[in-house]
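Residue numbers (our numbering), protein chains in the order written: chain F, 17 to 174; chain D, 17 to 174.
Virtual Cβ for every residue (Gly too), placed ideally from N, Cα, C.
Notes to accompany the following structure.
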DNA sequence: ACTTTATTGTTCAACATTGAACATTATGGG
DNA sequence: CCCATAATGTTCAATGTTGAACAATAAAGT
């Protein structure tokens, strides 16, 4: 049976991907620790960053960008609103959608959190040359496009 | 304030890392879908793969390899044992430790699951040249080492 | 205009994950 | 031998995440 099925760790791409996944997981846990001083967690940071860039985005769009379900946003955003980080206002044209905005407090927290995250990334990737970073990003974006294409196919065929 | 704090998405390494994180997240969700046919989830696969490679590993060691807490293993492993995928036997020398083994059924599921994961990775990385994969893996392993070193420092200073 | 279909957000139950407190067993120093 | 400390695994409460069912609104088809 082993002759028909070569072991995964013999595949170079498999080994590479395992390294990627481990690095991501570790990065996430370190980021969690470092964000604790601001009393937020990585998912909150992702939300703050996206609101920082895209003021007035809807919950749906935000969920799609973050690759999470709508229900996730429905659970998380009200908490952040209560903490005074964001604001939700109904859209005038379409009464279904809620548009999201940073409060001044939220903007401050976002900036501090982004500084922490940027420092962590710069520190971790400092020994990786820029061209290598770019090549990596390109590979990753190809993966994202490929997998998203698969998802679309699947949902269309359903 | 924006003059003092350049926006994160202007940092090339930041952008690169965001791409990595997104790819990981998507890969994870696709893998979750594809493993559904075997009625297991990515965490179970990680466990099976490690038991496949390292027969008789302890729960503690396994948790460390997977970067999760001991309690996680205490919750998950009994479930897998009930499903007949693994077996837990006490160590003769040290009555505290439980050593983990795959059942024949678990071995079969592990092989099928690894085939699925390998196929997914090969497919996703097929357009990325091997040398690029290797370079990526090297960068990621450096990150892992660097972050783990940080963790050690921190736990030692505590 | 009316009915059907799609979209947006919410709720809820199921499940996963975590960290702290705990019990048991080992190890080391008196 | 006895006590203090450490290591291993378990339990539990708190929290996060998901998908399905639902309500309200919009868009499209008739």
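Limits of the beta strand (DSSP E) - the one that residue i falls within
{"i": "residue 106(F)", "result": "102-106"}
DSSP state of residue i mapped onto helix, strand, coil
{"i": "residue 115(D)", "result": "strand"}
{"i": "residue 87(D)", "result": "helix"}
{"i": "residue 110(D)", "result": "coil"}
{"i": "residue 122(F)", "result": "helix"}
{"i": "residue 99(F)", "result": "coil"}
{"i": "residue 154(F)", "result": "helix"}
{"i": "residue 71(F)", "result": "coil"}
{"i": "residue 128(F)", "result": "helix"}
Buried versus exposed call for residue i [16 or more other C-beta atoms within 10 Å across all chains shown]
{"i": "residue 133(D)", "result": "buried"}
{"i": "residue 155(F)", "result": "buried"}
{"i": "residue 152(D)", "result": "buried"}
{"i": "residue 146(D)", "result": "exposed"}
{"i": "residue 106(F)", "result": "exposed"}
{"i": "residue 30(F)", "result": "buried"}
{"i": "residue 79(D)", "result": "buried"}
{"i": "residue 140(D)", "result": "buried"}
{"i": "residue 32(D)", "result": "buried"}
{"i": "residue 161(D)", "result": "exposed"}
{"i": "residue 38(D)", "result": "buried"}
{"i": "residue 130(F)", "result": "buried"}
{"i": "residue 122(F)", "result": "buried"}
{"i": "residue 55(F)", "result": "exposed"}
{"i": "residue 18(F)", "result": "With a pLDDT of 48 at residue 18(F), under the threshold of 50, the predicted position of this residue should be treated as unreliable, and no value is reported."}
{"i": "residue 35(F)", "result": "buried"}
{"i": "residue 92(F)", "result": "buried"}
{"i": "residue 174(F)", "result": "Bear in mind that a pLDDT of 39 at residue 174(F), under 50, signals an unreliable position, so the number given afterwards is only what the model happens to contain. Residue 174(F) is exposed by the Cβ-count criterion."}
{"i": "residue 24(F)", "result": "buried"}
{"i": "residue 126(D)", "result": "buried"}
{"i": "residue 62(D)", "result": "buried"}
{"i": "residue 144(D)", "result": "buried"}
Where the alpha helix (DSSP H) containing residue i begins and where it ends
{"i": "residue 143(F)", "result": "Premise fails: residue 143(F) is in no alpha helix (DSSP H) and is neither H nor E."}
{"i": "residue 23(F)", "result": "Premise fails: residue 23(F) is in no alpha helix (DSSP H) and is neither H nor E."}
{"i": "residue 35(F)", "result": "28-51"}
{"i": "residue 81(D)", "result": "75-82"}
{"i": "residue 54(D)", "result": "Here residue 54(D) belongs to no alpha helix (DSSP H), and DSSP marks it neither H nor E."}
Residue i CB to nearest heavy atom of the ligand HEM below 7 Å
{"i": "residue 149(F)", "result": "For the structure depicted, the ligand HEM is absent and the ligand set is empty, with no information on it obtainable."}
(message) At a CB distance below 9 Å, what residues from the segment 151-168 of chain D approach chain F? Give them in sequence order.
(response) Cβ contacts with chain F come from 151, 152, 153, 154, 155, 156, 157, 158, 159, 160, 162, 163, 164, 166, 167.
(message) Along the segment 77-93 of chain F, where does the CB come closer than 7 Å to a CB of chain D? Name the residues.
(response) For the segment 77-93 of chain F, which is checked against every Cβ of chain D, the residues closer than 7 Å are 83.
(message) Output needed in chain order: residues of the segment 120-139 of chain F with a Cβ under 8 Å from some Cβ in chain D.
(response) Residues 127, 130, 131, 133, 134, 137, 138, 139.
(message) Against chain D, which members of the segment 24-36 of chain F pass a CB distance test of less than 9 Å?
(response) For the segment 24-36 of chain F, the set of residues with a beta-carbon nearer than 9 Å to any beta-carbon of chain D comprises 24, 25, 27, 28, 29, 30, 31, 32, 33, 34, 35, 36, in chain order.
(request) Could you please tell me which residues of the segment 52-77 of chain F, in chain order, have their CB closer than 8 Å to any CB of chain D? (result) Against chain D - using a Cβ distance shorter than 8 Å - the residues of the segment 52-77 of chain F are 65, 69.
(request) Could you list the residues in the segment 98-113 of chain F with a C-beta less than 9 Å from some C-beta on chain D, going in chain order? (result) Result list empty, no residue passes.
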